[in-house]
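Numbering (the working numbering), first residue to last: 28 to 464. Idealized CB from N, CA, C, for every residue including glycine.
Here's what the structure looks like:
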């Protein structure tokens, strides 16, 4: 990627549409508008104009000029708002990218240029990606708080405190022979411990942040014909799963997302758990067991007309996550020991079950803007910082070792913000963005 090249891409949604936005960033952006209008328009103001490119008028629309560094990427930027016709957009992109110095953008290249030009750090860039993909209110709120620098401000505050601690201990190393340099302050160890505890407390929220960002995974499990697929359809109000009275119909995992009061809940239908001689069904049973181990909640289904086989794991298995025993087919009879009874046929208990799922997700008791640790990168970086800080107390008799611990803690936080990331890490992260962003 070369910053001296101007990139262009469609930045709005799928075509056809009412309006399509074509974005340019780089040194040729201003030349495109000058050729179109005869002169550059006033910055950050929309101007109605013929969209004339390469001597041909393609459409009539609005244009905007955003000179750097006061633009999203930090470079000279231009936007063309044209009618969302596939033919118009194709012609505009073809003519623009055929001009010297202009090429089609790669996935995430606009955001990467914003990062490289200091307009966003890596945490904020990930927040932007999360915001684009947000499907629920909680995902939106979590992503926007991250984009607006909520986690960045916390990390910067920790870095400043680390710099003070590092300056104090490194003074001991550099000027240990000077008579006017005293020992470490009495509060030094306590300050390190307090910082470690604070970062650790934020790190502990990662599980809840992950649930808000990625969803609360609920696996429907139980023996064959316990009503898993019927319950999935009833909860999602769809025919997402095939329903049959033939045992072993479900052989693979089926995921259906639900938006429950702004919280994403992912329902996972799984194969009925039983001993089987069918290789295909046995694979489904094993996948069901693995899904249960990776769930946030297991709904263990029991039906009045289906006996749970003794060879199957029960909800009392200590290796399983939290579970609820759901009595299904309540219209056919009672189920002993159920936490909740439902009927997919009559709808009885379905609303109550949805309420229980929302309660179990913890969404009602959290504020998304306060749960900023939601990515695996966050966890790794903060875990590294906490680990380094935890070693300082045992190294206080050796200033060099303690100073190195503090440096490693600082490096972990800098990697989180993207100030020390390798090129391959950046390539992988920004490639997940859509083209045009």
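- Straight-line measurement puts the Cα of residue 348 at about 41 Å from the Cα of residue 190.
- Using a 10 angstroms sphere on the CB of residue 146, the tally of other CB atoms reaches 16 or more, which defines it as buried.
- Between residue 77 and residue 110, the CB-CB gap reaches or exceeds 9 Å.
- Its chain contains 152 as the residues whose beta carbon lies nearer than 6 Å to that of residue 142, once the 5 sequence neighbours on both sides are disregarded; these appear in chain order.
- Annotated three-state conformation of residue 117 is helix, per DSSP.
- Under the DSSP assignment, residue 32 falls outside any alpha helix (DSSP H); it carries neither an H nor an E label.
- Listed as beta-bridge partners of residue 108 by DSSP are 48 and 89.
- In the DSSP assignment, residue 76 falls within the beta strand (DSSP E) that extends over 74-80.
- 9 Å or more divides the Cβ of residue 295 from the Cβ of residue 306.
- Put simply, the backbone Cα of residue 233 is about 37 Å away from that of residue 49.
- Residue 382 and residue 196 have their C-alpha atoms roughly 54 Å apart.
- In the DSSP assignment, residue 428 falls within the unbroken alpha helix (DSSP H) covering 426-444.
- If you look at residue 290, you'll find it in the beta strand (DSSP E) that goes 290-296.
- Contact between residue 170 and residue 154 is confirmed by a C-beta separation of about 5 Å, below the 8 Å threshold.
- DSSP lists 353 as the beta-bridge partner residues of residue 328.
- When the five nearest sequence neighbours on each side are left out, the beta carbons in the same chain lying within less than 7 Å of the beta carbon of residue 444 are those of 148, 149, 150, 179 and 182, in order along the chain.
- When the five nearest sequence neighbours on each side are left out, the beta carbons in the same chain lying within less than 8 Å of the beta carbon of residue 125 are those of 81, in order along the chain.
- A direct Cα-to-Cα measurement between residue 158 and residue 200 gives close to 46 Å.
- In this structure, residue 116 lies away from residue 67, with their beta-carbon atoms at least 9 Å apart.
- With contact defined as three or more Cβ pairs closer than 8 Å, the stretch 242-251 and the stretch 316-326 are in contact.
- Contact between residue 432 and residue 415 holds, with the beta-carbon distance rounding to 5 Å and staying under 8 Å.
- Fewer than three Cβ pairs drawn from the stretch 382-393 and the stretch 355-364 lie within less than 8 Å of each other, which leaves the two stretches out of contact.
- Assignment of residue 99 by DSSP, reduced to helix, strand and coil, places it in the coil class.
- Residue 129 has 33 as its beta-bridge partners, per DSSP.
- Residue environment analysis places residue 97 among the exposed positions, since fewer than 16 neighbouring C-beta atoms fall within 10 angstroms of its C-beta.
- Rounded to the nearest whole angstrom, the C-alpha separation of residue 309 and residue 298 is 9 Å.
- The C-alpha of residue 446 is placed about 25 Å away from the C-alpha of residue 33.
- Its Cα nearest to that of residue 128, the residue 58 stands out among 58, 316 and 402.
- Straight through space, the alpha carbons of residue 284 and residue 166 are spaced by roughly 13 Å.
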